[in-house]
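There are 2 protein chains.
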Amino acid sequence: MGKTALLVIDVQKGLDEPSWGKRNNPQAESNIALLLSQWRKHGLPIVHIRHCSVMPNSPLRLELPGNAFKDEARPLAGEKLFSKSVNSAFIGTGLEQYLREQDISSLVIVGLTTDHCVSTSVRMAGNLGFDVTLVSDATATFDRQGYDGVRYSADDIHKINLVSLDGEFCAVRSTEEVLKQLT
Amino acid sequence: MGKTALLVIDVQKGLDEPSWGKRNNPQAESNIALLLSQWRKHGLPIVHIRHCSVMPNSPLRLELPGNAFKDEARPLAGEKLFSKSVNSAFIGTGLEQYLREQDISSLVIVGLTTDHCVSTSVRMAGNLGFDVTLVSDATATFDRQGYDGVRYSADDIHKINLVSLDGEFCAVRSTEEVLKQLT
Chain H
1 MGKTALLVID VQKGLDEPSW GKRNNPQAES NIALLLSQWR KHGLPIVHIR
51 HCSVMPNSPL RLELPGNAFK DEARPLAGEK LFSKSVNSAF IGTGLEQYLR
101 EQDISSLVIV GLTTDHCVST SVRMAGNLGF DVTLVSDATA TFDRQGYDGV
151 RYSADDIHKI NLVSLDGEFC AVRSTEEVLK QLT
Chain C
1001 MGKTALLVID VQKGLDEPSW GKRNNPQAES NIALLLSQWR KHGLPIVHIR
1051 HCSVMPNSPL RLELPGNAFK DEARPLAGEK LFSKSVNSAF IGTGLEQYLR
1101 EQDISSLVIV GLTTDHCVST SVRMAGNLGF DVTLVSDATA TFDRQGYDGV
1151 RYSADDIHKI NLVSLDGEFC AVRSTEEVLK QLT
């Protein structure tokens, strides 16, 4: 049995800009802060992922203030950090190799956004053979305009994306359930 | 400008078993057959992906009749085929290397199922830098029981998964739109 790392994806200030649309799960950041504090208390491994967009208009570009981590998710000295420029935390980074070297076989994944960077990273983690837990109330997304002209709510997008992931790529659990398993 | 390949994912007989649940888009296979015939007529590259499950109870195991391609999607001699055992067509296969060697920079993706193997392969293709079109009426999925106890319909799962992919990882288009662009 390898170790279980907390993988925190893209909890960055630029995702607070109103242009992203309406968000669900406003409590995601406080749940992430709670999970981080418990991982630190137990001395368990933590991996931070930072999105450094290469899109011209993204607030997550490396040189912009929006690239900074939100206060609830700021890495401490000594915690591992990978930067990426696409959705998957496993593409263009050394993440997979690092996890294998550290004997980390399980991941608890949190962060933003549910259906873009989180879903893509969960899928690749599961397909690469990691045992993945995705924390339903420690991730969130935005409402989106559909290809079919319909506006879909952040909550519907969030729920159905979790339904598609659960049991196939990961187990979906709440913050409370994850914390209970930890103690 | 590289070439555009048609990537056909997991159109196999084992996915007709009733145990998968209720499906949407019954016309997906006839649209896939139509796209295949047009790709062949124009001499464009075609890549077939076959799922060879390693799960004990899957009808898609290599030694079972359900592993066979459906009639609408049977590869012809000379067409490229990759076998995989996880959702992503890019993990554990030589697909990425093959596409780069063949100067294929664009993919039109069809097959089964929308939210599992198709979504995962579309996400990785987009993140690896390919220009991806996902054909909305040439893919389909099944209804699923949610982690929250709610039953979600195949059509809702299908639509919202396409909404999450469109504009971020791919362009979602209909069979008719893709065929119009081809001629």
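Protein chains in written order, with our numbering: chain H, 1 to 183; chain C, 1001 to 1183.
Note that CB positions come from ideal geometry on N, CA and C, so glycine has one too.
Give a yes or no on whether the minimum CB-CB distance between S136 (chain H) and chain C is below 9 Å.
-> In the first sequence, the residue the question calls residue 136 (chain H) occupies position 136. Yes - at least one Cβ of chain C is within 9 Å of the one on S136 (chain H).
Quick one: any contact between the stretch 1134-1148 of chain C and the stretch 1021-1038 of chain C, if contact means 3 or more CB pairs under 8 Å?
-> Because the criterion of three Cβ pairs below 8 Å is met, the stretch 1134-1148 of chain C and the stretch 1021-1038 of chain C touch.
R74 (chain H): first and last residue of the uninterrupted alpha helix (DSSP H) it sits in = Here residue 74 (chain H) is taken as the residue at index 74 of the first sequence, counted from 1. That residue, R74 (chain H), is in no alpha helix (DSSP H); it is neither H nor E in DSSP.
Pull up the DSSP beta-bridge partners for H1048 (chain C), would you.
-> The sequence position of residue 1048 (chain C) within the second sequence is 48, counting from 1. C:V1008, C:L1081, per the DSSP bridge assignment.
Going along the chain, which unbroken runs of the beta strand (DSSP E) with 3 or more residues stay wholly within the stretch 115-161 of chain H?
-> 131-140
Under the three-state reduction of DSSP, which class applies to L99 (chain H): helix, strand or coil?
-> Position 99 of the first sequence, counted from the first residue, corresponds to residue 99 (chain H). Residue state, collapsed to three classes: helix.
Counting along the chain, where does the beta strand (DSSP E) carrying R1173 (chain C) start and finish?
-> The residue you call residue 1173 (chain C) lines up with position 173 of the second sequence. Taken as a continuous stretch (DSSP letters only), the beta strand (DSSP E) holding R1173 (chain C) covers 1171-1173.
Closer than 9 Å, CB to CB, is R1023 (chain C) near chain H or not?
-> One-based indexing of the second sequence puts residue 1023 (chain C) at position 23. Output row for R1023 (chain C): interface = no.
Within the same chain, show all residues whose beta-carbon is closer than 7 Å to that of Q1145 (chain C), passing over the 5 residues directly before and after it, in chain order.
-> In the second sequence, counting from the first residue as 1, residue 1145 (chain C) sits at position 145. For Q1145 (chain C), where only same-chain residues beyond five positions count, the Cβ hits under 7 Å are R1151.
Is the number of C-beta pairs between the stretch 1117-1137 of chain C and the stretch 1037-1047 of chain C that are closer than 8 Å three or more?
-> Not touching, per the Cβ criterion.
Exposed or buried, K1159 (chain C), counting other C-beta atoms within 10 Å across all chains shown (16 or more means buried)?
-> Your numbering for residue 1159 (chain C) matches position 159 in the second sequence. It is buried - the Cβ of K1159 (chain C) has at least 16 other Cβ atoms within 10 Å.
How would you call V54 (chain H), buried or exposed, if buried means at least 16 neighbouring beta carbons within 10 angstroms?
-> Locating residue 54 (chain H) in the first sequence gives position 54, where the first residue counts as 1. Counting every other CB atom within 10 Å of its CB across the protein chains shown gives V54 (chain H) a total below 16, marking it as exposed.
In chain order, what residues of the same chain lie with their CB nearer than 6 Å to the CB of P1059 (chain C), ignoring the 5 residues before and after it?
-> For the purposes of this step, residue 1059 (chain C) is taken as residue 59 along the second sequence, with counting starting at 1. Around P1059 (chain C): G1014, E1017, G1066.
Three-way DSSP call (helix, strand, coil) for L1179 (chain C) in this model | Your numbering for residue 1179 (chain C) matches position 179 in the second sequence. Reduced to three states, the DSSP call for L1179 (chain C) is helix.
Report yes or no: is there a C-beta of chain H within less than 9 Å of the C-beta of Y1098 (chain C)?
-> Working through the second sequence from its first residue, we reach residue 1098 (chain C) at position 98. Answer no: the Cβ-Cβ gap between Y1098 (chain C) and chain H never drops below 9 Å.
Mapping DSSP to helix, strand and coil, what is L1112 (chain C)?
-> For this step, residue 1112 (chain C) is matched to residue 112 along the second sequence. Three-state DSSP puts L1112 (chain C) in a strand.
Can you tell me the Cα-Cα spacing of D131 (chain H) and I104 (chain H), whole angstroms?
-> As a working mapping, residue 131 (chain H) is identified with position 131 in the first sequence. As a working mapping, residue 104 (chain H) is identified with position 104 in the first sequence. The straight-line gap from Cα to Cα measures roughly 10 Å.
Using Cβ-Cβ distances below 9 Å, what residues of the stretch 1157-1173 of chain C are close to chain H?
-> So the close ones are I1157, K1159, I1160, N1161, L1162, V1163, S1164, L1165, D1166, G1167, E1168, F1169, A1171, V1172, R1173.
Could you tell me the distance, in whole angstroms, from the CA atom of A1033 (chain C) to the CA atom of R100 (chain H)?
-> As a working note, residue 1033 (chain C) is residue 33 in the second sequence. As a working note, residue 100 (chain H) is residue 100 in the first sequence. Going from the Cα of A1033 (chain C) to the Cα of R100 (chain H) covers about 42 Å.
Proximity test, Cβ basis, 9 Å: N87 (chain H) and chain C | Against the first sequence, residue 87 (chain H) aligns to sequence position 87. So yes, N87 (chain H) belongs to the interface.
Among C:L1182, C:G1092, C:S1019, the one whose alpha carbon lies nearest that of H1051 (chain C) = Here residue 1051 (chain C) is taken as the residue at index 51 of the second sequence, counted from 1. When each option's Cα is compared against that of H1051 (chain C), the closest is C:G1092.
Would the beta-carbon of V163 (chain H) fall within 9 Å of that of V135 (chain H)?
-> Sequence index remark: in the first sequence, residue 163 (chain H) carries index 163 (1-based). Sequence index remark: in the first sequence, residue 135 (chain H) carries index 135 (1-based). Cβ distance not < 9 Å, so V163 (chain H) and V135 (chain H) don't count as in contact.
Beta-ladder partner(s) of L1035 (chain C), from DSSP | Along the second sequence, one-based indexing puts residue 1035 (chain C) at 35. By DSSP's assignment, L1035 (chain C) forms no beta bridge with any residue.
Have a look at H116 (chain H) and N161 (chain H) and give me their C-alpha separation to the nearest angstrom.
-> Against the first sequence, residue 116 (chain H) aligns to sequence position 116. Against the first sequence, residue 161 (chain H) aligns to sequence position 161. Their backbone Cα atoms lie some 10 Å apart in a straight line.
Answer yes or no: do E29 (chain H) and A73 (chain H) have a C-beta to C-beta separation smaller than 9 Å?
-> The sequence position of residue 29 (chain H) within the first sequence is 29, counting from 1. The sequence position of residue 73 (chain H) within the first sequence is 73, counting from 1. Yes; because the gap between Cβ atoms is below 9 Å, this pair is in contact.
Same chain, Cβ closer than 8 Å to P75 (chain H), neighbours up to 5 away in sequence not counted = Residue numbering aside, residue 75 (chain H) sits at position 75 when the first sequence is read from its first letter. Spatial neighbours of P75 (chain H) in its own chain (CB-CB distance under 8 Å, excluding positions within 5 residues in sequence) are listed in chain order as I46, H48, F69, L81.
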